[in-house]
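Those letters in the sequence shown? Residues 802 to 936, per my numbering, in order.
For every residue, glycine included, the Cβ atom is placed at its ideal position computed from N, Cα and C.
Below is one structure, written out as structure tokens; comments come after it.
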Amino acid sequence: MELMAEVGALYDKLAVLTEAFLSAARGGSPDGLSQDAFWQARTDLVGQLQPLLERQRVWLERHAAPDQAAYREAAAMQTRKMQRVEALDGSLLQQLTAMRGRIAEQLKAIRQGKKGLAGYQVEQKVAPRFCRKTT
Numbered sequence: 802m803e804l805m806a807e808v809g810a811l812y813d814k815l816a817v818l819t820e821a822f823l824s825a826a827r828g829g830s831p832d833g834l835s836q837d838a839f840w841q842a843r844t845d846l847v848g849q850l851q852p853l854l855e856r857q858r859v860w861l862e863r864h865a866a867p868d869q870a871a872y873r874e875a876a877a878m879q880t881r882k883m884q885r886v887e888a889l890d891g892s893l894l895q896q897l898t899a900m901r902g903r904i905a906e907q908l909k910a911i912r913q914g915k916k917g918l919a920g921y922q923v924e925q926k927v928a929p930r931f932c933r934k935t936t
């Protein structure tokens, strides 16, 4: 039971972390440091979760299908937490896909010369068409 509580706590931390990142991403693309911190923290939490899930699997194999009401309740709670993280991951994927689309549109506009170069680093051998001097 303690093992299931530990797993549940890690799923809660993962959900809180993902919710915080999603709320930051709704206002626009988070800065690079925030993104790095999020992915590092997420990787650490998943790294902590994997051995616990393996221990839980081994325990279940040894103690064939317990019928305890407390176990069933804890398993249901863990399932709800897993589903919450799954839903948040889906939202995160949608957010990242939308950001990727916006970035692709901006890059396309830059390549077509429809947008100024302020804030972008573009390496070109010659000046863009709208920046060339005419004589």
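To the nearest angstrom, how far is it from the Cα of residue i to the Cα of residue j?
i	j	result
L850	Q913	47 angstroms
G806	A877	For the sequence presented, residue 806 should be read as Ala rather than Gly. Between A806 and A877, the C-alpha separation is close to 12 angstroms.
P831	A810	26 angstroms
G829	G848	28 angstroms
Q841	Y872	32 angstroms
E862	D890	29 angstroms
A875	I904	43 angstroms
Span of the alpha helix (DSSP H) holding residue i?
i	result
S830	Run containing S830: none; DSSP gives neither H nor E here.
Using the beta-carbon count (16 or more within 10 Å), is residue i buried or exposed?
i	result
V817	exposed
V859	exposed
A888	exposed
A899	exposed
A826	buried
Do residue i and residue j have their C-beta atoms within less than 8 angstroms of each other?
i	j	result
Q879	V808	yes
D813	K882	yes
L834	Q896	no
Q857	L804	yes
L893	T844	no
Mapping the DSSP letters down to three states, classify residue i as helix, strand or coil.
i	result
G891	helix
Q913	coil
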